[in-house]
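Numbering follows my numbering, with no gaps: position 98 of the sequence shown is 106.
Think of the CB as a built atom: it goes at the ideal place given N, C-alpha and C, for glycine as much as any other residue.
Computed from a prediction, not measured in an experiment: that's the story for all the values here.
Only one structure is covered here, and it is reproduced in the block below.
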Amino acid sequence: MSGINKVILVGHLGKDPEVRYLDGGVTVASFPLATSETYNKDGKKIEQTEWHNIVMWRGLADTASKYLKKGKLIYLEGKLRTRSFEDREGHKKYSTEIVAENFTMLGRKTDFENEQNDQLRTAKPEDSSEIAKEDKPMNYETGEAADDVLPF
């Protein structure tokens, strides 16, 4: 029996994606993603924020570099990956990151309107005016409004 390695996050980008190009033209984008939860402790409202290291590869990285910016809210699916490496002193270190498999930009259409390029707007020209009127999350793959805030 195989295991399941699945991560689902909804959070805000901590900074613009950092994009690198590896040998063979492979694109890699990385950025921190903040998720927050609120709870009550001794009658006081406490907010706890977790920071996640996100890595995106190839076409997903290219898309992230075009459309994602610091502060944007996204829904992301991926898997956990832990790498080990040696620091300058020769000590073994570990880094855990989420390798993204897909993401959806959340928020109103107007949140992304100024940042979208013409390719997304013309992907389905007949839908563009309809989408602009709606207050729904955007799906980065199609440029269309998503039906639900979360796909589950």
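* Residue interval of the alpha helix (DSSP H) (run including glycine 67) -> 66-75
* **Continuous beta strand (DSSP E) stretch holding valine 107: start and end** => 100-113
* Asked: What residue from Val34, Gly98, Tyr83 and Arg116 has the CA that sits closest to alanine 108's CA?
  -> Tyr83
* Report the option in Pro25, Arg66 and Asp50 whose CA atom is closest to the CA atom of tyrosine 75. => Pro25
* To do: Determine the direct distance from the alpha carbon of arginine 89 to that of glycine 98, and round the result to whole angstroms.
  => 22 angstroms
* Can the beta-carbon of glutamate 94 be found less than 8 angstroms from the beta-carbon of valine 63? -> no
* To do: Going by CA-CA distance only, name the one from Asp70, Lys100 and Gly19 that's closest to tryptophan 59.
  => Gly19
* **Cβ-Cβ distance between threonine 57 and serine 44 below 8 angstroms** => yes
* Asked: What are the residues that DSSP puts in a beta bridge with isoleucine 62?
  -> Phe39 and Ile106
* Asked: Among all the DSSP beta bridges, which residues are the ones paired with serine 92?
  -> Tyr102
* Asked: Under a Cβ-count criterion, where at least 16 other Cβ atoms within 10 Å of its own Cβ denotes burial, should leucine 30 be classed as buried or exposed?
  -> exposed
* Run the CB neighbour count on glycine 51, radius 10 Å, all protein chains shown included, and call it buried at 16 or more, exposed below. => exposed
* Cβ atoms of lysine 78 and glycine 22: under 8 angstroms apart, would you say? -> yes
* To do: Return the first residue and the last residue of the beta strand (DSSP E) that leucine 162 is part of.
  => Within the shown structure, residues of the chain are numbered from 9 to 160, placing residue 162 beyond reach of any answer.
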